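One structure is given below, encoded as structure tokens.
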Amino acid sequence: DAKTTQPNSMESNEEEPVHLPCNHSTISGTDYIHWYRQLPSQGPEYVIHGLTSNVNNRMASLAIAEDRKSSTLILHRATLRDAAVYYCILKYYNQGGKLIFGQGTELSVKP
Amino acid sequence: GAVVSQHPSWVICKSGTSVKIECRSLDFQATTMFWYRQFPKQSLMLMATSNEGSKATYEQGVEKDKFLINHASLTLSTLTVTSAHPEDSSFYICSAREYGFRGPRGGANVLTFGAGSRLTVL
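From first to last, the protein sequence lines are chains L and X.
Each number in the numbering used here comes from the position in the first sequence (counting from 1) with 55 added on.
Each number in the numbering used here comes from the position in the second sequence (counting from 1) with 25 added on.
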């Protein structure tokens, strides 16, 4: 199974951009790259997903490397409410749609 | 957007008793739901896949008789922790697949998660 590698933790200042990296060197051609985040004591929430092209939505942007072996989640202006654990997950369509979580990156935001 | 509700949000029980946790999809039908557990400072661990009208599929190492899953309708799945012991104390989280959900996320089988249920076994 293709794995993802993320830094254990990152720090950011409020209102500054944050770039959260994810390595997935063994990604297969049909794997989507999904990002979820989990705020303290809550269930995870969907952030963004992509396949090959960069993606933007109201929460964040996803930059995918041309060889798809890495991706970066971009929060354009971090707020205190963005402090969470961010998970980069490869979505395997041949496993019934389930998500396998890695360790994620714990993002702290300083005022 | 899609909402998944879990109940109870927290529960305390005595060792040896059974506890039921409900997971409901409020505004969409979920033929498939997933159950996770999470220990403090750890990631989510997938326990089982719950399929409406059929038996759940358990991940390796998860005891089927210990964690009973029932998915009797398109909007409700339940997890029953039988004969709970202190080591079963954990944060249990369900999720449902937004299959066919209208909108830009619908085609990617995005999962919507419940808020979680914290179980403490004394």
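Heads up, the beta-carbon is just placed ideally off N, CA and C, and yes, glycines get one too.
None of these values were measured; they are calculated from a predicted model.
Beta-carbon neighbours of residue i, restricted to chain X and to distances below 8 Å
i      : result
L154/L : F59, L71, S120 and L136
Contact set between residue i and chain X, taken where Cβ atoms lie within less than 9 Å
i      : result
Y79/L  : The sequence given here places His at residue 79/L; Tyr does not occur at that position. What H79/L touches in chain X: nothing, since even the nearest Cβ is about 16 Å away.
G157/L : S68
Q61/L  : Neighbours of Q61/L on chain X: none; closest Cβ ~11 Å, over 9 Å.
H131/L : What H131/L touches in chain X: nothing, since even the nearest Cβ is about 19 Å away.
Whole-angstrom distance between residue j and residue i, CA atom to CA atom
i      : j      : result
G14/X  : P76/L  : This structure gives no information on residue 14/X, because the portion of chain X shown stretches from 26 to 147.
R49/X  : Y141/L : 25 Å
T85/L  : R123/L : 11 Å
E69/L  : A133/L : 5 Å
R127/X : D52/X  : Any answer about R127/X is weak, because its pLDDT of 49 lies below 50 and its placement is not dependable; what the coordinates show is given next. Computed Cα separation, rounded: 12 Å.
S116/L : T59/L  : 18 Å
V36/X  : A120/L : 45 Å
S126/L : Y87/L  : 11 Å
D90/X  : I82/L  : 35 Å
G131/X : E123/X : Residue confidence is low: G131/X scores 49 on pLDDT, short of 50, so the model does not pin down where it sits. Its coordinate-derived value is still stated next. Rounded to whole angstroms, G131/X to E123/X spans 6 Å at the Cα level.
K165/L : L135/L : 7 Å
I94/X  : T57/X  : 12 Å
A73/X  : A121/X : 12 Å
L130/L : V29/X  : 25 Å
C143/L : Q63/X  : 17 Å
F156/L : P99/L  : 10 Å
Strand pairing of residue i, partner residues [DSSP]
i      : result
V102/L : According to DSSP, V102/L bridges with nothing at all.
R132/L : DSSP output for R132/L lists no bridge partner at all.
A2/X   : A question about residue 2/X goes unanswered here, because the residues of chain X that appear run from 26 up to 147.
P76/L  : T127/L
N95/X  : T103/X
T145/X : I37/X
Residues that residue i contacts on chain L, provided the C-beta gap is smaller than 9 Å
i     : result
A97/X : Neighbours of A97/X on chain L: none; closest Cβ ~19 Å, over 9 Å.
Supposed contact pair residue j and residue i - C-beta distance, whole angstroms, cut 8 Å
i      : j     : result
Q97/L  : G26/X : Not really, about 16 Å apart at Cβ, beyond 8 Å.
G159/L : S68/X : 6 Å
S34/X  : S75/X : At roughly 20 Å, the Cβ-Cβ gap does not stay under 8 Å, so S34/X and S75/X are not in contact.
L145/L : S67/L : At roughly 25 Å, the Cβ-Cβ gap does not stay under 8 Å, so L145/L and S67/L are not in contact.
A97/X  : S43/X : With 8 Å as the limit, A97/X and S43/X do not qualify as a contact, their Cβ atoms being about 17 Å apart.
Contacts of residue i in chain L (Cβ-Cβ under 8 Å)
i      : result
G141/X : S96, Q97 and G98
Contacts of residue i in chain X (Cβ-Cβ under 7 Å)
i      : result
Y141/L : Those within 7 Å of Y141/L in chain X number zero; the least Cβ separation is about 12 Å.
Any 3 or more C-beta pairs closer than 8 Å across the segment 57-65 of chain L and the segment 106-113 of chain L: no
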